[in-house]
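Enquirer: This is the structure I want to talk about, given as structure tokens.
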Amino acid sequence: KNQVEQSPQSLIILEGKNCTLQCNYTVSPFSNLRWYKQDTGRGPVSLTIMTFSENTKSNGRYTATLDADTKQSSLHITASQLSDSASYICVVTVYSSASKIIFGSGTRLSIRP
Amino acid sequence: SQTIHQWPATLVQPVGSPLSLECTVEGTSNPNLYWYRQAAGRGLQLLFYSVGIGQISSEVPQNLSASRPQDRQFILSSKKLLLSDSGFYLCAWRGQGGNYGYTFGSGTRLTVV
Numbered sequence: 001k002n003q004v005e006q007s008p009q010s011l012i013i014l015e016g017k018n019c020t021l022q023c024n025y026t027v028s029p030f031s032n033l034r035w036y037k038q039d040t041g042r043g044p045v046s047l048t049i050m051t052f053s054e055n056t057k058s059n060g061r062y063t064a065t066l067d068a069d070t071k072q073s074s075l076h077i078t079a080s081q082l083s084d085s086a087s088y089i090c091v092v093t094v095y096s097s098a099s100k101i102i103f104g105s106g107t108r109l110s111i112r113p
Numbered sequence: 114s115q116t117i118h119q120w121p122a123t124l125v126q127p128v129g130s131p132l133s134l135e136c137t138v139e140g141t142s143n144p145n146l147y148w149y150r151q152a153a154g155r156g157l158q159l160l161f162y163s164v165g166i167g168q169i170s171s172e173v174p175q176n177l178s179a180s181r182p183q184d185r186q187f188i189l190s191s192k193k194l195l196l197s198d199s200g201f202y203l204c205a206w207r208g209q210g211g212n213y214g215y216t217f218g219s220g221t222r223l224t225v226v
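Below, the structure is given as structure tokens:
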């Protein structure tokens, strides 16, 4: 069964600290994995996309990793800012299927001053 | 560049009234189009997707319907809203082929009263 599981479900950290969010998936055949940031009441916005052959992708203070062997991905946020408070969603796409895009349930990150 | 427009941003409708949410995409042709619903604190649930004009696939039985009258237009409708239709609705598009990720609209907050 195609699944995407994220952990932790929620996380609170102090401003300036680093954090890492986890995503484990069982999706086949794998096409790509994306991390999205969703502010409250807004649509998700893509942070990174990685294909099977990519191990690391950075976007400013966000760094995503992908281990295709263990089917795990992480999103590392460096020097967190208050504006990083949001839900972070891991999304895995099944190759060549219009509908098989599997969403994780997200990690709710809160940055405290 | 490609853009996706979704409106309205918020909507309050009485039970039993009709619904029409519209989504349009610019800067691309023949996109896959999607409607998702997101309940508060929950993940995204795929409602409908379309791979072409007039082609609609439904993922879950429900009180809603979708139509694609033009290549880059996707409409979510209901003849009579239920209280359970309240939620955050997201339109998204994705390029044809196996290696594209999603781009989401800004969402519509629907409250049925």
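Going down the list, the sequences are from chains A and B. The numbers in our numbering rise by one with no breaks, and the one at position 50 of the first sequence is 50. Here our numbering = 1-based position in the second sequence + 113. C-beta atoms are modelled at their ideal positions from N, C-alpha and C, and glycine is treated no differently.
Do residue 160/B and residue 132/B have their CB atoms nearer than 8 Å?
Expert: The answer is no: Cβ separation not under 8 Å.
Enquirer: Should the segment 10–26 of chain A be regarded as contacting the segment 80–87 of chain A, the criterion being three or more beta carbon pairs within less than 8 Å?
Expert: Contact holds: three or more Cβ-Cβ distances are below 8 Å.
Enquirer: When the Cα of residue 58/A is compared with those of 68/A, 75/A, 71/A and 51/A, which residue comes out closest?
Expert: Of the candidates 68/A, 75/A, 71/A and 51/A, the one whose C-alpha sits nearest the C-alpha of residue 58/A is 75/A.
Enquirer: Distance, Cα to Cα, residue 136/B vs residue 117/B?
Expert: Their Cα atoms are separated by approximately 7 Å.
Enquirer: For the segment 17–68 of chain A, list the beta strand (DSSP E) runs that are entirely contained and at least 3 residues long, ordered along the chain.
Expert: The qualifying runs are 19–26, 30–38, 45–51, 56–59 and 62–67.
Enquirer: Using a Cβ distance threshold of 8 Å, determine whether the segment 89–109 of chain A contacts the segment 24–33 of chain A, with at least three qualifying pairs required.
Expert: Result yes; three or more Cβ-Cβ pairs closer than 8 Å.
Enquirer: Please identify the residue among 61/A, 62/A, 56/A and 60/A whose C-alpha is closest to the C-alpha of residue 68/A.
Expert: Of the listed residues, the one whose Cα sits closest to residue 68/A is 56/A.
Enquirer: Rounded to whole angstroms, what's the CA-CA distance from residue 62/A to residue 50/A? Just pull it up for me.
Expert: Roughly 13 Å separates the two Cα atoms.
Enquirer: Here's a check: name, in chain order, each residue in its chain whose Cβ is nearer than 8 Å to the Cβ of residue 190/B, leaving out the five neighbours to either side.
Expert: Once the five neighbours on either side are set aside, the close Cβ partners of residue 190/B are 131, 132, 133, 134, 177, 178, 179 and 180.
Enquirer: Which of helix, strand or coil does DSSP assign to residue 195/B?
Expert: Reduced to three states, the DSSP call for residue 195/B is coil.
Enquirer: Are the CB atoms of residue 209/B and residue 143/B nearer to each other than 8 Å?
Expert: Yes. Within cutoff.
Enquirer: Just the Cα atoms here: how many angstroms apart are residue 121/B and residue 65/A?
Expert: Roughly 36 Å separates the two Cα atoms.
Enquirer: Quick one: measure Cβ to Cβ for residue 184/B and residue 169/B, integer angstroms, because I've assumed they're closer than 8 Å.
Expert: With a Cβ gap of about 14 Å, residue 184/B and residue 169/B do not count as contacting.
Enquirer: Answer yes or no: do residue 201/B and residue 218/B have a C-beta to C-beta separation smaller than 8 Å?
Expert: No.
Enquirer: 8 Å is my cut-off, CB to CB: does residue 187/B come that close to chain A?
Expert: Chain A contact via Cβ: absent.
Enquirer: Short of 6 Å in beta carbon distance, which residues of its chain neighbour residue 224/B, apart from the five on each side in sequence? Order them along the chain.
Expert: Contacts found: 125 and 199.
Enquirer: Please classify residue 52/A: is it buried, with 16 or more other beta-carbons within 10 angstroms of its beta-carbon, or exposed?
Expert: Answer is exposed; the Cβ neighbour count stays below 16.
Enquirer: Starting from the beta carbon of residue 167/B, find every residue of chain A whose beta carbon is closer than 8 Å, and list them in chain order.
Expert: What residue 167/B touches in chain A: nothing, since even the nearest Cβ is about 15 Å away.
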